[in-house]
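S.K.:
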Amino acid sequence: MQKIVLLNPKGGSGKTTIATNLASYFAVAGLRPTLMDLDAQGSSTRWLSKRAKGQTAIHGIAGYERNSRVTRSFATRLPLDTERLIVDTAAALEAQRLPDITRNATAVIVPVLPSDIDIHAAAKCISDLLLIAKIRRDEQRIAVIANRVKKNTVMYKSLMKFLETLQIPVIATLRDSQNYIKASESGTGIFEMKSYVVREDLDQWMPLIDWISQRKALEIPPGSPAITSSMISSAIVPTPGPVVRTMGSLAAAME
Ligand SMILES: Nc1ncnc2c1ncn2[C@@H]1O[C@H](COP(=O)(O)OP(=O)(O)O)[C@@H](O)[C@H]1O
Ligand SMILES: [Mg+2]
Numbered sequence: 745m746q747k748i749v750l751l752n753p754k755g756g757s758g759k760t761t762i763a764t765n766l767a768s769y770f771a772v773a774g775l776r777p778t779l780m781d782l783d784a785q786g787s788s789t790r791w792l793s794k795r796a797k798g799q800t801a802i803h804g805i806a807g808y809e810r811n812s813r814v815t816r817s818f819a820t821r822l823p824l825d826t827e828r829l830i831v832d833t834a835a836a837l838e839a840q841r842l843p844d845i846t847r848n849a850t851a852v853i854v855p856v857l858p859s860d861i862d863i864h865a866a867a868k869c870i871s872d873l874l875l876i877a878k879i880r881r882d883e884q885r886i887a888v889i890a891n892r893v894k895k896n897t898v899m900y901k902s903l904m905k906f907l908e909t910l911q912i913p914v915i916a917t918l919r920d921s922q923n924y925i926k927a928s929e930s931g932t933g934i935f936e937m938k939s940y941v942v943r944e945d946l947d948q949w950m951p952l953i954d955w956i957s958q959r960k961a962l963e964i965p966p967g968s969p970a971i972t973s974s975m976i977s978s979a980i981v982p983t984p985g986p987v988v989r990t991m992g993s994l995a996a997a998m999e
């Protein structure tokens, strides 16, 4: 299993957009994904609930609140057959929670927008990952995505200059695209949309997909205590249990 964490305490940087599109990619690729939503705003959970019956199954875990009405229909267990766990995190995340959230993560991805405020927040986030979560650069688990970029702008240039100084790989540069907005409204991902509409976006995702596929998978099987401790929220009890496909129809997927 790979555990991929989307992280940046700055809201609106693209965590949910990238988490949901990654989940959709893995679903289409047949790599049984689980999307864990740790944000009380529940954007990933809402996206999942919009998926149509015929779409490829993505298991959802609303990890932020066990008893709310929104989450009741979502299982709180990590299915044993999960191959890709994608963790969407909240804005304003406290730095002390980073060691827990990133434990056993095979990839920690920080999306950054081209703005002064976002650059500043990203610098703090990366420094917390190195110093508080104690992830070493040479582990090559942290990566950055430049999101919503408009090339040839001054801000884009200063973002790329800043990212160079971090010595953290920039694994993708995603343009500002209506396709992500359409995808988020319909519970789908760019990998499930008509390819002629999203060709440019798909091309931009390729280096990101390549980088993730090169990450070492966890050797611990899902459901083991080592994974449970990394599951952050005490509300989640990832003990072995039946595989529940909350969204999408399993029957349809098997046809
Ligand atoms: N590359 C992009 N192009 C266009 N809109 C985007 C892009 N990335 C994110 N958005 C939009 O920006 C808003 C914030 O993104 P979101 O993924 O929710 O950020 P976060 O989860 O970090 O708060 C959303 O409305 C989303 O649709
Ligand atoms: Mg979000």
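Residues in the sequence shown are numbered from 745 upward in steps of one, following my numbering. A virtual CB, placed ideally from N, CA and C, is assigned to each residue, including glycine.
Taking Cβ to Cβ, would you say Ala-890 is nearer than 8 Å to Leu-903?
M.R.: Yes; because the gap between Cβ atoms is below 8 Å, this pair is in contact.
S.K.: Residues bridged to Arg-919 by DSSP?
M.R.: Arg-919 pairs with Val-893.
S.K.: At what residues does the alpha helix (DSSP H) containing Thr-833 begin and finish?
M.R.: Counting along the chain, Thr-833 falls outside any alpha helix (DSSP H), and DSSP gives it neither H nor E.
S.K.: What I want to know is whether the C-beta of Lys-794 ends up closer than 7 Å to one or more non-hydrogen atoms of ligand 1.
M.R.: It does not: the Cβ of Lys-794 is nowhere closer than 7 Å to a heavy atom of ligand 1.
S.K.: Once the 5 residues before and after Pro-881 are set aside, which same chain residues still bring their CB inside 8 Å of it?
M.R.: The residue asked about is misnamed: residue 881 is Arg in this sequence, not Pro. Cβ neighbours of Arg-881 beyond the five flanking positions: Leu-874, Gln-911, Ile-912.
S.K.: So, is Asn-752 buried or exposed, given that buried needs 16 or more other C-beta atoms within 10 angstroms?
M.R.: It counts as buried.
S.K.: Shorter than 7 Å, the distance from the beta carbon of Asp-945 to the closest heavy atom of ligand 2, or not?
M.R.: Answer for Asp-945: no, Cβ out of range of ligand 2.
S.K.: Comparing C-alpha positions only, which one of Met-937, Pro-823, Lys-754, Leu-918 sits nearest to Ile-953?
M.R.: Closest option to Ile-953, Cα to Cα, is Leu-918.
S.K.: So, is Asn-765 buried or exposed, given that buried needs 16 or more other C-beta atoms within 10 angstroms?
M.R.: Asn-765 is buried by the Cβ-count criterion.
S.K.: Indicate whether the contact test is met: 3 or more Cβ pairs, each with one atom in the segment 842–851 and one in the segment 790–802, closer than 8 Å.
M.R.: No, because fewer than three Cβ pairs between the segment 842–851 and the segment 790–802 fall closer than 8 Å, the two stretches do not touch.
S.K.: Residues in the same chain with beta-carbon distance under 6 Å from Thr-760, minus the five sequence neighbours each way, listed in chain order, please.
M.R.: Excluding positions up to five away in sequence, the list reads Ser-787, Ser-788, Asp-832.
S.K.: Once the 5 residues before and after Pro-858 are set aside, which same chain residues still bring their CB inside 8 Å of it?
M.R.: Excluding positions up to five away in sequence, the list reads Ala-890, Arg-892, Val-893, Lys-894, Thr-897, Met-899, Tyr-900, Ser-902, Leu-903.
S.K.: Compute the distance between the beta-carbons of Leu-792 and Gly-931, then report whether it is under 8 Å.
M.R.: Yes. Within cutoff.
S.K.: Can you tell me where the alpha helix (DSSP H) with Thr-872 in it begins and where it stops?
M.R.: The amino acid occupying residue 872 in the given sequence is Asp; Thr does not appear at that position. Here the alpha helix (DSSP H) through Asp-872 covers 860–875.
S.K.: Using the Cβ count rule (16 or more neighbours within 10 Å means buried), how would you classify Ser-957?
M.R.: Burial call: exposed.
S.K.: Nearer than 7 Å: is that true of the beta carbon of Asp-862 relative to any heavy atom of ligand 2?
M.R.: No, ligand 2 has no heavy atom inside 7 Å of this Cβ.
S.K.: For Ile-861, count neighbouring Cβ atoms within 10 angstroms of its own Cβ and tell me buried if that reaches 16, exposed if not.
M.R.: Counting Cβ neighbours within 10 Å, Ile-861 comes out exposed, since fewer than 16 surround it.
S.K.: Pick out whichever of Ala-851, Ile-863, Pro-855 has its Cα sitting closest to the Cα of Ile-879.
M.R.: Minimum Cα distance to Ile-879 is reached at Ala-851.
S.K.: Hey, Ile-925 and Pro-951: beta-carbon distance below 8 Å or not?
M.R.: In this structure, Pro-951 does not lie closer than 8 Å to Ile-925 by Cβ.
S.K.: Quick check: Ile-886 and Ile-748, are their CB atoms within less than 8 Å of each other?
M.R.: It is not a contact, given that the beta carbons lie outside the stated cut-off.
S.K.: Does the beta-carbon of Ser-817 have 16 or more other beta-carbons within 10 angstroms, so that it is buried, or is it exposed?
M.R.: The pLDDT assigned to Ser-817 is 44, lower than 50, so where the model puts this residue is not dependable; a value taken from the coordinates is nonetheless given after this. Exposed: under 16 other Cβ atoms inside 10 Å.
S.K.: For ligand 1, is there any heavy atom lying closer than 7 Å to the beta carbon of Arg-790?
M.R.: Arg-790 Cβ: outside cutoff for every heavy atom of ligand 1.
S.K.: Any beta carbon from chain D within less than 8 Å of Ala-835's own beta carbon?
M.R.: The structure shown contains no chain D; it is built from a single protein chain.
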